[in-house]
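Undergrad: The structure under discussion is supplied below as structure tokens; questions concerning it will follow.
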DNA sequence: GAAAAATGGTATGAACTCAGACCATTGCTT
DNA sequence: AAGCAATGGTCTGAGTTCATACCATTTTTC
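Chains as they are written, first to last, in the UniProt record's numbering: chain H, 1 to 244; chain U, 1 to 244.
Here it is, written out as structure tokens:
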């Protein structure tokens with residue numbers, strides 16, 4: 001008798017200590033940031049030394065990642081003062097949707113992301129509405145909203161939408177919340193790329209966005225959360241059918 | 001003009017690609033699992049080869065971590081068939097609370113964890129109540145609840161409480177949710193160790209636990225969430241005062 | 001009692017990552 | 001035109017981590 005052995009938790013609690021090699025992780029983070037529109041088309045990434053510091057990675061490793069991005073056509077690099085790495089982002093439509101016969105594990109992760117999203121994004125909206133926002137924050141929010149409302153092409157709209165949601169998360173002032181929303185948005189983005197593009201009801205979505213902005217600006221936390229919940233539910237309903 | 005340069009998001013979105021060396025991460029995960037009571041006193045950890053696989057780490061690296069745990073007095077190891085590594089856990093009260101003059105960064109992370117917790121744990125409760133639970137799940141939940149209600153000594157109670165919350169998370173069936181709750185509970189645990197132990201109002205806490213179990217078993221998701229929110233708020237109120 | 005099985009203990013060479021220094025190119029300032 | 005500054009490009013040696021064997025000890029099985 002080795003005393004009460006562990007119950008059911010170990011399998012759930014212990015998780016891989018790190019997904020992959022450092023440079024792969026860099027590629028993933030940067031590519032995600034670019035695809036989500038954190039660095040829009042034509043913008044310049046921070047200098048290598050700075051990025052390396054941000055990611056807690058040696059410059060050598062970061063450079064390997066940059067080389068990969070360059071080879072993938074996401075960025076271009078020029079030397080010398082005023083040079084740097086700019087985003088070119090050939091949107092790289094899903095590398096052959098045909099090949100994307102979605103594995104069961106991936107599908108499971110997607111569905112999980114939808115569930116988790118319906119927890120964290122409403123939570124982020126709640127926090128954002130609870131926070132006291134200065135002019136700069138309000139400006140960020142309204143700008144993000146204006147961009148998503150103005151976007152016409154789907155790819156643009158997708159990026160602007162990601163940026164909008166990430167902006168709300170960043171207004172929450174909670175790093176863990178930002179991280180969770182980033183992860184969820186990345187997966188969402190992946191799903192939308194792999195799934196036969198559905199004509200997202202943009203008008204409907206924009207009405208919800210507008211309501212969100214109003215709720216957050218007026219500090220109505222409860223309402224911001226409800227609105228975001230509805231927004232997540234609407235998106236999820238569309239996607240679940242096509243994935244499940 | 002390098003096109004719309006990135007706004008405010010990069011700083012929030014890009015995060016360290018991996019905190020530390022692999023073996024440190026192993027130590028942290030295992031120590032956390034032990035302290036949270038996933039592996040209770042006297043229980044045997046899985047064989048090294050198995051743990052290494054779970055954590056996606058080479059056995060060599062895992063063994064370094066085990067050596068550290070052994071040296072720290074958390075576990076003991078015996079060889080041969082039927083041997084293995086058992087939890088001895090000299091509870092190691094906070095390695096000198098005096099030395100724990102808490103850095104500002106740490107304090108910030110703690111407060112962030114409290115905010116994030118109030119998002120994810122209620123969400124986990126909501127999902128758990130929404131899920132259809134079979135006999136085994138119900139048994140896990142009731143056992144976890146019984147243990148936390150029966151615990152007398154504070155250290156025991158703390159572990160049982162962690163297990164209770166992790167069990168609810170695991171009932172949600174959402175890996176991302178489990179991960180989030182695990183992270184939050186680990187930080188909470190750290191806080192409680194470093195803070196002059198307050199006589200948590202155990203009776204009050206247990207009433208809330210009981211209400212949670214009822215709500216989850218009856219499938220009342222909305223109510224489970226509200227109850228958990230209240231529970232988190234009550235805990236947070238106590239802690240914020242002592243940390244802020 | 002002998003063989004098998006399960007477990008921890010040890011060793012080796014390849015690959016990855018790091019930190020730091022230095023080089024090369026380009027634009028800005030004087 | 002000369003020098004400075006900012007940026008990417010290259011090199012090197014040390015430290016980690018990995019994968020894969022193989023060894024040693026104990027219990028179980030026959």
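Ideal Cβ positions, reconstructed from N, Cα and C, are used throughout, including at glycine.
The structure displayed is predicted, hence computed values, not measured ones.
Starting from residue 77 (chain H), trace the alpha helix (DSSP H) in both directions and tell me its first and last residue.
TA: Taking the first residue of the first chain as 1, we reach residue 77 (chain H) at position 77. Residue 77 (chain H) -> not in any alpha helix (DSSP H); beta strand (DSSP E) instead, spanning 75-78.
Undergrad: Confirm, please, whether the CB-CB distance from residue 113 (chain H) to residue 187 (chain H) is below 9 Å.
TA: As a first step, residue 187 (chain H) must be located in the first chain, where it is residue number 187. As a first step, residue 113 (chain H) must be located in the first chain, where it is residue number 113. Result yes, Cβ atoms of residue 187 (chain H) and residue 113 (chain H) sit closer than 9 Å.
Undergrad: Tell me the start and end of each unbroken alpha helix (DSSP H) in the region 107-188 of chain U that is at least 4 residues and wholly inside, in chain order.
TA: Entirely contained in the region 107-188 of chain U, the alpha helix (DSSP H) runs reaching 4 residues are, in chain order, 135-150 and 154-171.
Undergrad: For a contact meaning CB atoms closer than 9 Å, what does residue 112 (chain U) contact in chain H?
TA: Locating residue 112 (chain U) in the second chain gives position 112, where the first residue counts as 1. By Cβ distance, chain H contributes 173, 174, 175, 176 and 177.
Undergrad: Contact between the region 118-130 of chain H and the region 114-131 of chain U is defined here as three or more beta-carbon pairs at a separation below 8 Å; is this criterion met?
TA: The answer is yes - the region 114-131 of chain U touches the region 118-130 of chain H, with three or more Cβ pairs under 8 Å.
Undergrad: Verify whether the separation of the beta carbon atoms of residue 69 (chain H) and residue 27 (chain H) is less than 9 Å.
TA: On the first chain, position 69 is the one that residue 69 (chain H) refers to. On the first chain, position 27 is the one that residue 27 (chain H) refers to. For residue 69 (chain H) and residue 27 (chain H), yes; Cβs fall inside 9 Å.
Undergrad: Looking only at C-alpha atoms, which of U:33, U:155, U:83 and U:172 sits nearest to residue 138 (chain U)?
TA: Numbered from 1 along the second chain, position 138 holds the residue referred to as residue 138 (chain U). Cα-wise, what sits closest to residue 138 (chain U) is U:172.
Undergrad: Could you give the distance in angstroms between the alpha-carbon of residue 94 (chain H) and the alpha-carbon of residue 67 (chain H)?
TA: Along the first chain, read from residue 1 onward, the residue named residue 94 (chain H) stands at position 94. Along the first chain, read from residue 1 onward, the residue named residue 67 (chain H) stands at position 67. Confidence at residue 94 (chain H) is low in this model, with a pLDDT of 49, below 50, so the placement of that residue is unreliable and no value is reported for it.
Undergrad: So what's residue 86 (chain H) in DSSP terms, helix, strand or just coil?
TA: Taking the first chain and counting its residues from 1, one reaches residue 86 (chain H) at position 86. DSSP places residue 86 (chain H) in strand when its eight states are reduced to three.
Undergrad: Please compile the residues from chain U whose C-beta is within a distance smaller than 9 Å of the C-beta of residue 216 (chain H).
TA: The residue given as residue 216 (chain H) occupies position 216 in the first chain. Those do not exist, as residue 216 (chain H) stays about 16 Å from chain U at its closest Cβ, beyond 9 Å.
Undergrad: May I ask you to list the residues that DSSP assigns as paired with residue 44 (chain H)?
TA: Residue numbering aside, residue 44 (chain H) sits at position 44 when the first chain is read from its first letter. Answer by DSSP bridge pairing, in chain order: H:86.
Undergrad: Answer with yes or no whether the minimum CB distance from residue 168 (chain H) to chain U is below 9 Å.
TA: As a first step, residue 168 (chain H) is located in the first chain; it is residue number 168 there, counting from the start. Not one chain U Cβ lies under 9 Å of residue 168 (chain H).
Undergrad: Contact between the region 177-191 of chain U and the region 133-147 of chain U: three or more CB pairs below 8 Å?
TA: No, the region 177-191 of chain U is not in contact with the region 133-147 of chain U.
Undergrad: For the alpha helix (DSSP H) holding residue 38 (chain U), just list the boundary residues, first then last.
TA: Walking along the second chain from the start, residue 38 (chain U) turns up at place 38. No alpha helix (DSSP H) contains residue 38 (chain U), which DSSP labels as neither H nor E.
Undergrad: When you check each C-beta in the region 118-145 of chain U against every C-beta of chain H, which residues fall closer than 7 Å?
TA: Taking 7 Å as the Cβ-Cβ cut-off against chain H, the residues of the region 118-145 of chain U that qualify are 119, 120, 123, 127 and 140.
Undergrad: Spell out whether any CB of chain H is found under 9 Å from the CB atom of residue 234 (chain U).
TA: Taking the second chain and counting its residues from 1, the one referred to as residue 234 (chain U) is at position 234. Residue 234 (chain U) does not count as touching chain H.
Undergrad: When burial is assigned at 16 or more other CB atoms within 10 Å of the CB, is residue 242 (chain H) buried or exposed?
TA: Within the first chain, numbered from 1, the residue matching residue 242 (chain H) stands at position 242. Exposed, since its Cβ has fewer than 16 Cβ neighbours within 10 Å.
Undergrad: Could you pull the start and end residues of the alpha helix (DSSP H) that residue 59 (chain U) belongs to?
TA: Indexing the second chain from 1 puts residue 59 (chain U) at position 59. That run of the alpha helix (DSSP H) goes 59-71.
Undergrad: Who are the neighbours of residue 89 (chain H) on chain U, taking C-beta pairs under 9 Å?
TA: Against the first chain, residue 89 (chain H) aligns to sequence position 89. Those within 9 Å of residue 89 (chain H) in chain U number zero; the least Cβ separation is about 11 Å.
Undergrad: Using a Cβ-Cβ cutoff of less than 7 Å, which residues in the same chain neighbour residue 170 (chain H) once the five nearest sequence positions on both sides are dropped?
TA: Working through the first chain from its first residue, we reach residue 170 (chain H) at position 170. Only 178 meet the Cβ criterion.
Undergrad: Of the choices H:72, H:71 and H:49, whose alpha-carbon is the least far from that of residue 61 (chain H)?
TA: Numbered from 1 along the first chain, position 61 holds the residue referred to as residue 61 (chain H). Taking only the C-alpha atoms, the option nearest residue 61 (chain H) is H:49.
Undergrad: State buried or exposed for residue 58 (chain H), treating a residue as buried only when at least 16 other CB atoms are found within 10 Å of its CB.
TA: Mapped onto the first chain, residue 58 (chain H) falls at position 58. Exposed, by the Cβ-count rule.
Undergrad: Please determine, among U:237, U:110, U:141 and U:175, the residue with the shortest C-alpha to C-alpha distance to residue 213 (chain U).
TA: One-based indexing of the second chain puts residue 213 (chain U) at position 213. Residue 213 (chain U) has its Cα closest to that of U:141, out of U:237, U:110, U:141 and U:175.
Undergrad: So residue 160 (chain U) contacts chain H; which residues on that side make the cut at Cβ distance below 8 Å?
TA: The residue labelled residue 160 (chain U) in the question sits at position 160 within the second chain. Under the 8 Å cutoff, chain H gives no residues; its nearest Cβ is about 11 Å from residue 160 (chain U).
Undergrad: Give the single residue among U:63, U:45, U:131 and U:75 whose Cα lies nearest to the Cα of residue 82 (chain U).
TA: Position 82 of the second chain holds residue 82 (chain U). That would be U:45, whose Cα lies nearest to the Cα of residue 82 (chain U).
Undergrad: Would residue 54 (chain H) count as contacting chain U if we go by Cβ distances under 9 Å?
TA: Start at 1 with the first residue of the first chain, and residue 54 (chain H) comes out as number 54. With 9 Å as the cut-off, residue 54 (chain H) counts as an interface residue toward chain U.
Undergrad: Taking its Cβ as the centre, do 16 or more other Cβ atoms sit within 10 Å of residue 233 (chain U), making it buried, or is it exposed?
TA: On the second chain, residue 233 (chain U) is found 233 positions in, with the first residue counted as 1. Its Cβ having fewer than 16 others within 10 Å, residue 233 (chain U) is exposed.
Undergrad: For residue 108 (chain U) and residue 192 (chain U), what's the separation of their Cα atoms in angstroms?
TA: The sequence position of residue 108 (chain U) within the second chain is 108, counting from 1. The sequence position of residue 192 (chain U) within the second chain is 192, counting from 1. Approximately 15 Å, taken between the alpha carbons.
Undergrad: Anything in chain U within Cβ reach of residue 180 (chain H), meaning under 7 Å, just list it in chain order.
TA: Residue 180 (chain H) sits at position 180 when you count from the first residue of the first chain. Simply 180.
Undergrad: Residue ranges of each alpha helix (DSSP H) run of no fewer than 4 residues wholly in the region 199-238 of chain U, ordered along the chain?
TA: Fully enclosed alpha helix (DSSP H) runs of 4 or longer: 202-217.
Undergrad: As a quick exercise: from H:175, H:30 and H:168, pick the residue whose alpha carbon is nearest that of residue 110 (chain U).
TA: The residue you call residue 110 (chain U) lines up with position 110 of the second chain. That would be H:175, whose Cα lies nearest to the Cα of residue 110 (chain U).
Undergrad: Could you check whether the Cβ of residue 109 (chain U) sits closer than 9 Å to any Cβ belonging to chain H?
TA: If you number the second chain from 1, residue 109 (chain U) lands on position 109. With 9 Å as the cut-off, residue 109 (chain U) counts as an interface residue toward chain H.
Undergrad: Can you pull the chain U neighbours of residue 116 (chain H), defined as C-beta to C-beta under 7 Å?
TA: For the purposes of this step, residue 116 (chain H) is taken as residue 116 along the first chain, with counting starting at 1. Simply 174, 176 and 177.
Undergrad: Do we get a CB-CB distance below 9 Å when we pair residue 38 (chain H) with the residues of chain U?
TA: To locate residue 38 (chain H), count along the first chain from 1; it is residue 38. It does: the Cβ of residue 38 (chain H) has a partner Cβ on chain U nearer than 9 Å.
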